[in-house]
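For reference, the structure discussed in these notes is given below.
Protein chains in written order, with our numbering: chain A, 137 to 503; chain B, 7 to 193.
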């Protein structure tokens, strides 16, 4: 049954299908005739199959061991590590995402608080002048324009030293009646108005951390009241008509008159026209074209100006007691206040009062 | 080694041709979920998944080293095709077993047992061989490596040395097998 090397290689080729042609035919004839060769082929086939099975078994055990190794040890560890990493990453994202939002929110809140006026009231002393640190700051840096007032928000923290310095001055100048006097500010509105502006009776909120040396006021006494623009009152005023040339208003009448009196003498006509012109002039000055509603407003930022939408005028920072006179000239509205003429522009914005300086116009308006 | 990332198909095949057995593990892991889903959906269980996948990657291994092997699809597609064929074959075998009557089954089982026993004994004899001979024979018969590659792997001088060494190892194994069994056992 033992075969030589050549036969072994031929059997190998036969079993692997590599034996072809005449060699294959010859081998098949030998196989048919030689029993020992058949036995050798069977043995070799069995051995080859066993070698393959052994190798397959080895590979399977290798795969199983490798897979089990990774399943048993690294996988759970890796999974745990990955899970931990994922949790950390999510937390980091959440923190870094939410932190700026909350910070922004806090900033916004702080800014809103800064924008709103903080009123300070002294408990148990409603009859005294009430001031807030912010009010003092604002009035020291007061500007008439609403726009600038909005931009120029007074940060609380920056105010504190100033308030203290003012208060120190106030303490030193005990002879002064008010803070305004002590710091030498020139307020147009009278002090009595300030008491009206501030709502003393409302229960105030405390401003923590703000120190005040105003009189007996302590940190606990400093209160905040958020205020908005306040309507003080309404009044209806007549609007008088005016013309640069009073004769213009009566031109048509004059033309008719001239046409009807063509036959009158020149002297008579001149005298008659003069008389009519004087009559018209006096009539036009007293002619009321319409009435206009005037609202008196108190701005929280002490803004002085007006808002005129064509039908009503909102006046900011103007005392109700002062007399007003409205004159309309060439569809333009003029306001006479404190013997000064102001032009009121028709728009929805807040405007400053613009004084009329044109002497000719002033002459017409004051007639 | 293969925890992260994916190795290109041609790299896997090249490595397999060079006898890198780690590629089997890689393919096993890469395709485990796919094969598992398929087998579980087709009346299989977890144990069957392991068996089928092991047979599949070993079949890929053997085919890769055939001289006329040419991969014409994605490796995963090829592997899934093999796995499906193996599983359907297994299912067919299982069904066939159920249809066989008891007598035939017992008789057939007896034959199978006899052949398996013989084969298992030879396998155990192969496993008892010295490492070099065993590796040489498995490289040649199982892996299908060329004699040149075997010479490189086993540090032999050349292909002819491999051929003669192979004959010697085979003769040794054959003598062992014949000494343990009568020739009727092998027929």
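All residues carry an ideal CB built from backbone N, CA and C; glycine is no exception.
Owing to the predicted nature of the structure, the values given are computational and were not obtained by experimental measurement.
Rounded to whole angstroms, the gap between the alpha carbons of residue 379 (chain A) and residue 363 (chain A) is 43 Å. Between the segment 366-377 of chain A and the segment 446-462 of chain A, the count of C-beta pairs closer than 8 Å reaches three or more; the two stretches touch. Taking 8 Å as the Cβ-Cβ cut-off, the segment 120-141 of chain B approaches chain A at 124, 125, 128, 129, 131, 132, 133 and 140, given in chain order. By the CB criterion at 9 Å, residue 465 (chain A) and residue 489 (chain A) fall outside the cutoff.
Boundaries cannot be given for residue 147 (chain B), as no alpha helix (DSSP H) includes it and DSSP labels it neither H nor E. Considering only beta carbons, the part of the segment 59-74 of chain B lying closer than 8 Å to chain A consists of 60, 63, 64 and 67, in chain order.
Within its own chain, the residues whose Cβ lies closer than 8 Å to the Cβ of residue 157 (chain B), once the five positions on either side in sequence are excluded, are 163, 164, 165, 167 and 168, listed in chain order.
Counting along the chain, residue 50 (chain B) sits inside no beta strand (DSSP E), nor does DSSP assign it H or E at all.
Neighbours of residue 180 (chain B) across chain A, judged by C-beta separation under 7 Å: 179 and 183.
Taking a cut-off of 8 Å on C-beta distances, the segment 159-174 of chain A does not touch the segment 26-38 of chain B, as fewer than three cross pairs fall below it.
Within chain A, the residues whose beta carbon sits less than 8 Å from that of residue 27 (chain B) are 195 and 198, listed in sequence order. Neighbours of residue 156 (chain A) in chain B, taken as residues at a C-beta separation under 8 Å, are lacking, since the least C-beta distance is about 15 Å.
Bounds of the beta strand (DSSP E) holding residue 366 (chain A) are 366-378.
Assignment of residue 429 (chain A) by DSSP, reduced to helix, strand and coil, places it in the strand class.
In this structure the segment 227-234 of chain A does not lie against the segment 84-96 of chain B, because fewer than three pairs of beta carbons, one per stretch, are closer than 8 Å.
The beta carbon of residue 190 (chain A) falls within 9 Å of a beta carbon belonging to chain B, placing the residue at that interface. In the DSSP assignment, residue 441 (chain A) is bridged to A:452. At a C-beta separation below 7 Å, residue 144 (chain A) has these neighbours in chain B: 173 and 176. In the DSSP annotation of this structure, the continuous segment of the alpha helix (DSSP H) that includes residue 169 (chain A) starts and ends at 157-169. The Cβ of residue 203 (chain A) sits closer than 9 Å to at least one Cβ of chain B. A buried status is given to residue 140 (chain B), since no fewer than 16 other beta-carbon atoms sit within 10 Å of its beta-carbon. Distance from the Cα of residue 91 (chain B) is smallest, within the candidate group B:77, B:12, B:62 and B:16, for B:62. Secondary structure at residue 13 (chain B): coil, using DSSP grouped into helix, strand and coil. Counted as a single uninterrupted DSSP element, the alpha helix (DSSP H) harbouring residue 174 (chain B) occupies residues 165-186. Exclusion of the five residues before and after residue 436 (chain A) leaves 253, 363, 364 and 365 as the residues of its chain whose Cβ lies within less than 7 Å of its Cβ. Taking a beta-carbon distance threshold of 9 Å, residue 147 (chain B) counts as an interface residue toward chain A. Here the alpha carbons of residue 224 (chain A) and residue 187 (chain A) stand approximately 53 Å from one another. By alpha-carbon distance to residue 20 (chain B), the top candidate from B:88, B:46, B:66 and B:136 is B:66. In the three-state scheme derived from DSSP, where H, G and I count as helix and E and B as strand, residue 472 (chain A) is classed as strand. Setting aside the 5 residues that flank it on each side, residue 146 (chain B) is surrounded in the same chain by 156 and 172, each with a C-beta closer than 7 Å to its C-beta; the list follows chain order. In the three-state reduction of the DSSP assignment, residue 478 (chain A) falls in the strand class, which pools E and B.
The segment 15-102 of chain B is shown to contain whole alpha helix (DSSP H) runs of 4 or more residues at 15-23, 28-47 and 52-70, in chain order. A straight line joining the alpha-carbon of residue 428 (chain A) with that of residue 449 (chain A) spans about 7 Å. Within the same chain, and ignoring the five residues on either side of residue 481 (chain A) in sequence, the residues whose Cβ sits closer than 8 Å to its Cβ are 444, 487 and 490. For residue 221 (chain A), none of the residues of chain B pass the 9 Å Cβ criterion, the least Cβ distance being about 13 Å.
Within chain A, 199 and 203 have C-beta atoms less than 7 Å from the C-beta of residue 34 (chain B), given in sequence order.
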